[in-house]
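K.L.:
FYI, in the UniProt record's numbering the residues of the sequence shown are 1 to 74.
There's a structure below that I have some questions on.
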Amino acid sequence: MGKIPSFKEEFTFEQRLQESRDIVAKYPNRVPVIVEKFSRTDLPNMEKKKLDAIRLVAFRVVSNLVTLARSRDV
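Shown next as structure tokens:
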């Protein structure tokens, strides 16, 4: 099984920028987020990578949780 290219490797900067702009135009109160598996994990491969739009409030909650988890990591 070969290496699966990352979203960044698969699409050019211009393609990613245009897709992000389309999402922001369609959902102005959301943030475009790329969802893909980290390459050095034992998790099974995802069927596809996804450029999704999440609400800004949800993004803040998730980023706060990540910050909290990292600060408590010993």
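By construction, the Cβ of each residue, glycine as well, lies at the ideal position given by its N, Cα and C atoms.
Treat the numbers as computed from the prediction; the structure is a model and nothing was measured.
If you measure between the beta carbons of Glu-47 and Phe-7, is that distance less than 8 angstroms?
P.N.:
No, they are not a contact pair.
K.L.:
For Arg-16, which residues from the same chain have a beta carbon less than 7 angstroms from its beta carbon, with the 5 sequence-adjacent residues on both sides left out?
P.N.:
There are no such residues.
K.L.:
Go ahead and pull the three-state DSSP assignment for Ile-34.
P.N.:
Ile-34 falls in the strand class under three-state DSSP.
K.L.:
Out of Glu-19, Arg-40, Phe-38 and Asp-42, point me to the one whose CA is closest to Pro-32's CA.
P.N.:
Minimum Cα distance to Pro-32 is reached at Glu-19.
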